[in-house]
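Enquirer: When you line the sequence shown up against my numbering, it's residues 779 to 1286, in that order. In this text, a Cβ means the ideal position worked out from N, Cα and C, and glycines have one as well.
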Amino acid sequence: MSVDTNYTLPGNIFQTIFEKSPGSILVKTDLPRFTILAVSDSYLKVTSTTREAILGKGFFEIFPDDETQLIDEKAARHVFTKVINTGKTVDIPSYRYDVFNPDTESHELHYWSCSNVPILGDDGEITYILNTIADITEEVKARESAMESASRLRLATEVTGLATWDIDLQHHGFYYSPRMVEIFGQLPGTVLTIGSMRNQMSADDMQNIVRKSFKEALITGEHLYEIKIVWPDGSVHWIKTQGTIIFDGNKRAVRMLGTVLDITESKRDEIRKNDFIAMASHELKTPLTSLKTYIQLLAKKISKSDDPFVSNALAKAENQVNKMSDLIYSFLDLSRLEAGKLSAKLQPFDINKLINETIADTNLVNNSHTIIFNSNEAITVNADRERISQVISNFLGNAIKYSPKEYPIIVTCKITGDNVQVAVTDYGIGIKQRDQEKLFQRFYRVENERAKNISGFGIGLYLASEIIQRHKGKIWVESQEDAGSTFYFSLPVTVDGEWLAGIVQATN
Ligand code: ADP
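#1: Under the assumption that lysine 1123 contacts histidine 1147 (Cβ atoms under 8 Å), give the Cβ distance between them as a whole number of angstroms.
#2: Bridge partners of aspartate 946, per DSSP?
#3: How big is the Cα-Cα spacing for proline 1086 and leucine 1075?
#4: Is glutamine 1098 helix, strand or coil when you go by DSSP?
#5: Nearest-angstrom Cα distance between serine 1268 and asparagine 1160?
#6: Starting from threonine 1019, trace the beta strand (DSSP E) in both directions and tell me its first and last residue.
#7: May I ask whether a heavy atom of ligand 1 can be found less than 7 Å away from the beta carbon of glycine 1209?
#8: Does the beta carbon of alanine 924 fall short of 7 Å from some heavy atom of ligand 1?
#9: If you measure from the CB of tyrosine 1180, is any heavy atom of ligand 1 nearer than 7 Å?
#10: Ligand 1 and leucine 762: does the residue's C-beta get closer than 7 Å to at least one heavy atom of that ligand?
#11: Alpha carbon to alpha carbon, what distance is there between isoleucine 1007 and asparagine 1154?
#12: On the three-state DSSP scale, how would you describe histidine 856?
#13: Excluding the five sequence neighbours on either side, which residues of its own chain have a C-beta within less than 6 Å of the C-beta of alanine 912, listed in chain order?
#14: For glutamate 1244, I'd like the list of residues in its chain whose CB is within less than 6 Å of its CB, leaving aside the five on either flank, ordered along the chain.
#15: Could you check whether the region 937-944 touches the region 1036-1052, counting it as contact only if at least three pairs of C-beta atoms, one from each stretch, sit closer than 8 Å?
#16: Identify the residues that DSSP records as bridge partners of alanine 1201: which are they?
#17: Write down the C-beta distance between arginine 1165 and leucine 1132 rounded to the nearest angstrom, noting that I regard them as a contact closer than 8 Å.
#18: Short of 6 Å in beta carbon distance, which residues of its chain neighbour alanine 1177, apart from the five on each side in sequence? Order them along the chain.
#19: In three-state terms, what does DSSP make of glutamate 883?
#20: If we require 3 or more residues per run, which beta strand (DSSP E) segments fall completely within the region 885-950?
#21: Find the nearest neighbour of leucine 809 within the set His856, Ser1108 and Ile803, judged by alpha-carbon distance.
#22: Are the beta-carbon atoms of isoleucine 904 and threonine 807 separated by less than 8 Å?
#23: Could you tell me the alpha carbon to alpha carbon distance between valine 1273 and glycine 1251, rounded to whole angstroms?
#24: Assuming proline 896 and isoleucine 907 form a contact by the criterion Cβ under 8 Å, report the distance between their Cβ atoms to the nearest whole angstrom.
#25: Between serine 1108 and isoleucine 1237, how many whole angstroms is the CB-CB distance? I'm expecting something under 8 Å.
#26: What does the Cβ neighbour count give for leucine 898, buried or exposed, with the cut at 16 atoms within 10 Å?
#27: Helix, strand or coil for arginine 746, going by three-state DSSP, please let me know.
#28: So, with DSSP's three-state summary, where would you put leucine 1287?
#29: Of the choices Ala1117, Ser929, Thr1071 and Arg1228, whose alpha-carbon is the least far from that of asparagine 1097?
#30: Are isoleucine 1207 and aspartate 1260 close, meaning C-beta to C-beta below 8 Å?
#31: For the alpha helix (DSSP H) that glutamate 1000 lies in, which residues bound it at each end?
#32: Would you decide whether isoleucine 1232 is buried or exposed? Buried here means 16 or more other CB atoms lie within 10 Å of its CB.
#33: Just to confirm, does asparagine 1144 get its C-beta within under 7 Å of one of the non-hydrogen atoms of ligand 1?
#34: Assuming valine 1189 contacts phenylalanine 1151 under a Cβ cut-off of 8 Å, what Cβ separation, rounded to an integer in Å, is found between them?
#35: Using DSSP bridges, identify the partner residues of arginine 874.
#36: Alpha carbon to alpha carbon, how far is aspartate 1026 from valine 918? Give it in angstroms, no decimals.
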């Protein structure tokens, strides 16, 4: 087979190709004139010129370098001279040349890259320069906006004192901002590793907080925890870390990134506040108990006389003292809980019996609502009887507080699978969907016109939820605004006593 080398191209095909090529201009090296010999259509369009107007003219006659640009080494005259002097292609990766838009009659910002190739004549001398340009405006704008957001992020993290981190879970890469070194109390330039940071945390916290949060994050995609760290100088600091997990197409966690904030100051304030609440509640407990005893003694004495006003007033006083003491006990519980010392004593008991007793206690102060509960067979659970009663009592108290007098409150208790489920239903003001998840947070109270005169601190449900969680149970609410609510908790019928006793030490 022979190769046909005897091919020819029609007469002016090269000229046509040149004229259709993107952004090209060919100049002669007859400096200082640099006569324009050929130009492509797209070059003409960009420069708002016509072929007739520029062919045969000097390059700088048509495109004069502006005075200020002459000192710039990107100026065309410098570039052309460099091509001639070096005999090499000179590339300018990026320069600005604004394009006139005849529609808007204004110049529009454009960025270009250009290449200037020397072309030899028959005598072997550089006779022409081929200047080819490419519009890179979109790339430059994208790069600028990426740089802008990066610097905005940097500024935001600097101002807020946040450190940022990024873990490549597949290749075990760990990247962090310099602020992280400061937060961990290390000298500038110290190289941190995940291991070195973990060494600044206690083994218990690693087990109960960090690992737990990481496991949860693998399911939910988000992780958040507060933890103590010890600086090399022995001082204790608090940090809050927050992050997100990135999964690949196969739902495999590939990357984890987030922020760390030093919260030592606010944590110290919180600890001081908790200590204050604990101390104040403790101090109030003793006088209140004796006040209650005196009221009861007086009530006994008075019951023999028949002054209805006095016995009525004493009953009301006792009622108010009871409310105060409930509140003080819940403050005490709160501070114990926060110190990790909420008491719990496990014992097997019949939960239906407990519900009946708690309803009877509630009815001592409730003369507005009918509480309906039809207990069936005995259901034994292994839990802290007092604490579970406290949860039921909180549900009942809230049902009374947040529903109108004439409506009943219904309590049910049933076995579902391996759990016993207790529910308290009221037909009161109900709770909006968006508030429902937050009810179990500390101090959370719904802002509601109908509830604004009802007193409370938003502690009851928080304590209830902590108590139930410590029993490996669940707590939740179903509610509709203006229709009513049902609060539920469920407990495993047999709770593993060992783990609970291990975590929660009895302090009473
Ligand atoms: P408190 O009632 O003392 O404010 P809780 O922690 O017991 O504290 O309840 C938190 C909030 O949940 C209440 O302030 C109230 O807004 C809302 N809530 C609780 N129970 C009910 C209920 N049965 N119906 C409507 N809102 C309720």
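Expert: Put simply:
#1: Not a contact, Cβ separation roughly 31 Å.
#2: Gly951 and Arg1033
#3: Rounded to the nearest angstrom, the gap between the Cα atoms of proline 1086 and leucine 1075 is 16 Å.
#4: helix
#5: Looking at the two C-alpha atoms, the distance is approximately 13 Å.
#6: 1014-1025
#7: The displayed chain sequence assigns isoleucine, not glycine, to residue 1209. It does: the Cβ of isoleucine 1209 is within 7 Å (strictly closer) of some heavy atom of ligand 1.
#8: no
#9: yes
#10: Past the edges of the chain, shown from 779 to 1286, lies residue 762, and the structure says nothing about it.
#11: 52 Å
#12: helix
#13: Ser891
#14: Leu1115
#15: Contact between the region 937-944 and the region 1036-1052 is present, because at least three Cβ pairs lie under 8 Å.
#16: Thr1190 and Tyr1266
#17: At roughly 11 Å, the Cβ-Cβ gap does not stay under 8 Å, so arginine 1165 and leucine 1132 are not in contact.
#18: Ile1187, Val1202 and Asp1204
#19: coil
#20: 889-898, 904-913 and 941-946
#21: His856
#22: yes
#23: Annotation note: pLDDT 47 at valine 1273 (below 50); position unreliable, no value reported.
#24: 6 Å
#25: 5 Å
#26: exposed
#27: The displayed coordinates of the chain run from 779 to 1286. Any statement about residue 746 would go beyond what the structure contains.
#28: In this structure the chain extends from 779 to 1286, so residue 1287 is not present and cannot be described.
#29: Thr1071
#30: yes
#31: Element bounds for glutamate 1000: not the alpha helix (DSSP H) but the beta strand (DSSP E), 1000-1008.
#32: exposed
#33: No, Cβ of asparagine 1144 sits at least 7 Å from all heavy atoms of ligand 1.
#34: The beta-carbon distance between valine 1189 and phenylalanine 1151, rounded to whole angstroms, is 4 Å. This is short enough to meet the 8 Å contact definition.
#35: Tyr889
#36: 30 Å
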